[in-house]
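Asker: Just so we're on the same page, the numbering used here is the position in the sequence shown counted from 1, plus 19. Before we start, here is the structure in question, set down as structure tokens.
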Amino acid sequence: MARKIQAIRGMNDILPDQSSVWLYLEKTVASVVKSYGYQQIRFPIVENTDLFKRGVGETTDIVEKEMYTFEDRNGESLTLRPEGTASCVRAADQAGLLFNQVQRLWYTGPMFRYERPQKGRYRQFHQIGVESFGMGSADIDAELIILSARLWKKLGLLEHVELQLNTIGLASERETYKAALVDYLTQYKDQLDEDSQRRLTTNPLRILDSKDEATQAVLKNAPNLEDFIGEESQAHFDRLQAALKANGISYVINRRLVRGLDYYGKTVFEWVTTHLGSQATVCAGGRYDGLVEQLGGKPTPAVGFAMGIERLVLLLETLDLIPEDAKFSTDVFVISMGDDAEIASFVLAETLREAHSDLVILRHCGGGNFKNQMKKADKSDARFTIIVGQDEVEQGICQVKDMSTGEQKALPFDDVAAFINAAL
Ligand code: ATP
Ligand code: MG
Numbered sequence: 020m021a022r023k024i025q026a027i028r029g030m031n032d033i034l035p036d037q038s039s040v041w042l043y044l045e046k047t048v049a050s051v052v053k054s055y056g057y058q059q060i061r062f063p064i065v066e067n068t069d070l071f072k073r074g075v076g077e078t079t080d081i082v083e084k085e086m087y088t089f090e091d092r093n094g095e096s097l098t099l100r101p102e103g104t105a106s107c108v109r110a111a112d113q114a115g116l117l118f119n120q121v122q123r124l125w126y127t128g129p130m131f132r133y134e135r136p137q138k139g140r141y142r143q144f145h146q147i148g149v150e151s152f153g154m155g156s157a158d159i160d161a162e163l164i165i166l167s168a169r170l171w172k173k174l175g176l177l178e179h180v181e182l183q184l185n186t187i188g189l190a191s192e193r194e195t196y197k198a199a200l201v202d203y204l205t206q207y208k209d210q211l212d213e214d215s216q217r218r219l220t221t222n223p224l225r226i227l228d229s230k231d232e233a234t235q236a237v238l239k240n241a242p243n244l245e246d247f248i249g250e251e252s253q254a255h256f257d258r259l260q261a262a263l264k265a266n267g268i269s270y271v272i273n274r275r276l277v278r279g280l281d282y283y284g285k286t287v288f289e290w291v292t293t294h295l296g297s298q299a300t301v302c303a304g305g306r307y308d309g310l311v312e313q314l315g316g317k318p319t320p321a322v323g324f325a326m327g328i329e330r331l332v333l334l335l336e337t338l339d340l341i342p343e344d345a346k347f348s349t350d351v352f353v354i355s356m357g358d359d360a361e362i363a364s365f366v367l368a369e370t371l372r373e374a375h376s377d378l379v380i381l382r383h384c385g386g387g388n389f390k391n392q393m394k395k396a397d398k399s400d401a402r403f404t405i406i407v408g409q410d411e412v413e414q415g416i417c418q419v420k421d422m423s424t425g426e427q428k429a430l431p432f433d434d435v436a437a438f439i440n441a442a443l
């Protein structure tokens, strides 16, 4: 036997018994974002490596160690997208959709990061991203958060997630803060973990994120970013909080929240849950007013977020929040005996599908004896089995069996659709 080829580590197949949850989630998101006027944008999975180097930032985890980068046959450096924001900006700007315009966009699809695979963390994972462009005021930050809260409400997740919020100020404010932080931390360099020592020169803000206890102990007396936030950033943050409060959205302010990507400024936020272990963040985002310009476009304010589909699916499953009607199930199973009956059963199944486009109608293919076909009908868990036999065809009728009661009834072909409609 030939050796079977396995999927790549950290890249999962989404099998039929899971895909209905994905479809349910995607459908729910699509309807919520649409109700806020967001339109879908689709862009390629592969981009020039420079897009992510410049967009995400050279010293971020993603660019330093997580990207799938390769040379194509021309020797050009390409990268499987590790996130969607940089691509979204590239695509929208390339199409001339950004300058002096307001855009509300969303996307969904696979992202690729070379990370250590574990529950809730994969090498190919999927995100749904929502991005808005051309609006600099805090009300759009609030709109995005309120939109996400509505989504959690629709999914039954609102009470299982917590909104964490912070402001990281303007780039200039962060620069002043970074200098103060580095001054302070340099005195205790020996006590910092290895990653944090390196970040002292590359990306000092990320040290605030460190999970290392000794580093956290040193950080206790470090200067606070909060004290470096200027008036404009603070006013923006106050405005956002007022809008959230007015809409009944609870949140906690997490002063340590800085986010791993370079492009954020002012607002940053995460929705976290206690149900998924250390892969706790299901949705993360913030304002990134500098990114469009950084990627060669005209200055354009922007804010957005991305959610991890795998983590949301895990959460829905863990909390048993998948509605019955979102699960795949067969409603009607159609069997037939004999050639004429087989043809008639086709026509009957089509008539039913025409009348009830939302029902799952499974027609047994390949004939076989009555007993075997009935077994398959049983196994399908269908509510009704329709049996078309040779005698029935001649009379223009079929047998409709209610599988929950075992009751069987002869019905003219033309009456079956109405009967099923009344019963289901
Ligand atoms: P983390 O801190 O968990 O590594 P991140 O800050 O790298 O997350 P973002 O780049 O902000 O994550 O991506 C947004 C969301 O995408 C995350 O909150 C998470 O739900 C999901 N996500 C990120 N990386 C992965 C991954 N490797 N596997 C599955 N989901 C992921
Ligand atoms: Mg990460």
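Beta carbons: idealized from backbone N, C-alpha and C, even for Gly.
Any contact between the segment 220 to 229 and the segment 276 to 289? By contact I mean 3 or more CB pairs, one from each, below 8 Å.
Answerer: yes
Asker: Helix, strand or coil: which one does DSSP assign to Glu90?
Answerer: If DSSP states are grouped into helix, strand and coil, Glu90 belongs with the strands.
Asker: Decide if Arg382 is buried, meaning its Cβ has at least 16 other Cβ atoms within 10 Å, or exposed.
Answerer: buried
Asker: Under 8 Å: do the segment 357 to 364 and the segment 411 to 418 share three or more Cβ pairs, one atom per stretch?
Answerer: yes
Asker: Taking 6 Å as the limit between beta carbons, can you name the residues of its chain near Arg258, skipping five residues before and five after?
Answerer: Ala157.
Asker: Helix or strand or just coil, what does DSSP make of Lys346?
Answerer: coil
Asker: Could you check if Gly279 belongs to the surroundings of the ligand MG, using beta carbon to heavy atom distance under 7 Å?
Answerer: Yes, the ligand MG has a heavy atom inside 7 Å of this Cβ.
Asker: Which one or two residues does DSSP pair with Asn447 in a beta bridge?
Answerer: It is not possible to answer for residue 447, since the shown part of the chain is limited to 20 through 443.
Asker: Tell me whether Asp80, by its Cβ, gets closer than 7 Å to a heavy atom of the ligand MG.
Answerer: The answer is yes for Asp80.
Asker: Expressed to the nearest angstrom, what Euclidean distance is found between the alpha-carbon atoms of Val435 and Tyr87?
Answerer: 55 Å
Asker: Please check the pair Leu244 and Tyr196, which I expect to be a contact at CB under 8 Å, by giving their CB distance rounded to whole angstroms.
Answerer: 5 Å
Asker: Determine whether the beta carbon atoms of Arg142 and Arg28 lie at a separation below 8 Å.
Answerer: yes
Asker: To which residues of the same chain is Ala26 closer than 7 Å at the C-beta, ignoring the five residues directly before and after it?
Answerer: So the qualifying residues of the chain are Asp32.
Asker: Do Ile341 and Tyr55 come within 8 Å of each other at the CB atom, strictly closer than that value?
Answerer: Their beta carbons are not under 8 Å apart, which means Tyr55 does not touch Ile341 by this criterion.
Asker: Measure the C-alpha to C-alpha separation of Met393 and Lys428 and round it to an integer number of angstroms.
Answerer: The straight-line gap from Cα to Cα measures roughly 16 Å.
Asker: With a threshold of 16 other CB atoms inside 10 Å of the CB of Leu443, please say whether the residue is buried or exposed.
Answerer: exposed
Asker: Could you name the residues of the same chain whose beta carbon sits closer than 8 Å to that of Glu85, not counting the 5 residues immediately before and after it, in chain order?
Answerer: Pro101, Arg132, Tyr133 and Glu134
Asker: For the alpha helix (DSSP H) that contains Ser364, what are its first and last residues?
Answerer: Asp358 to Ala374
Asker: Under 8 Å, with one C-beta from each stretch per pair, do the segment 299 to 308 and the segment 316 to 325 reach the 3-pair mark?
Answerer: The answer is yes - the segment 316 to 325 touches the segment 299 to 308, with three or more Cβ pairs under 8 Å.
Asker: My guess is that Tyr207 and Val237 are in contact by the Cβ rule of under 8 Å, so how many angstroms apart are they, rounded?
Answerer: 5 Å
Asker: Quick check on this structure: which residue in Gly128, Leu338, Asp433 and Asp246 has the alpha carbon closest to the alpha carbon of Val366?
Answerer: Asp433
Asker: Between Arg100 and the ligand ATP, is there a pair consisting of the residue's CB and a ligand heavy atom that are separated by less than 7 Å?
Answerer: no
Asker: Give the list of continuous alpha helix (DSSP H) stretches no shorter than 4 residues that lie fully inside the segment 246 to 280.
Answerer: List check, alpha helix (DSSP H) in window: 250 to 265.
Asker: By DSSP's criteria, Ser151 is part of a beta bridge. Which residues make up the other side?
Answerer: Arg123 and Val322
Asker: Is it right to say Gln409 is buried, meaning 16 or more other beta carbons lie within 10 angstroms of its own, or is it exposed?
Answerer: exposed
Asker: Mind checking Phe403: buried by the 16 CB within 10 Å criterion, or exposed?
Answerer: Phe403 sits buried, since 16 or more C-beta atoms from the chains shown fall within 10 Å of its C-beta.
Asker: Considering Gln183, what are the terminal residues of the beta strand (DSSP E) in which it resides?
Answerer: Gln183 -> beta strand (DSSP E) spans Glu181 to Thr186.
Asker: Relative to the alpha-carbon of Ile60, which residue among Asp339, Ser106 and Ile165 has its alpha-carbon at the smallest distance?
Answerer: With distances taken between Cα atoms, Ile60 lies closest to Ser106.
Asker: Just the C-alpha distance for Leu189 and Leu338, rounded to the nearest angstrom, thanks.
Answerer: 39 Å
Asker: For my contact list, Thr349 and Asp400 are in at a C-beta cut-off of 8 Å; report their separation, rounded to the angstrom.
Answerer: Between Asp400 and Thr349 the Cβ distance is about 6 Å, and since that is below 8 Å, they are a contact.
Asker: DSSP three-state call for Arg22: helix, strand or coil?
Answerer: coil
Asker: I'd like to confirm something about Met326: is its beta-carbon nearer than 7 Å to some heavy atom of the ligand ATP, or not?
Answerer: yes
Asker: Tell me whether Cys107 sits in a helix, a strand or coil according to DSSP, three-state version.
Answerer: Of the three classes helix, strand and coil, the one that applies to Cys107 here is helix, per DSSP.
Asker: Look up Cys384 in the DSSP assignment and give the residues it is bridged to.
Answerer: Per DSSP, none; premise fails for Cys384.
Asker: Assuming contact is defined by CB atoms lying nearer than 8 Å, are Leu184 and Ile272 in contact in what I supplied?
Answerer: yes
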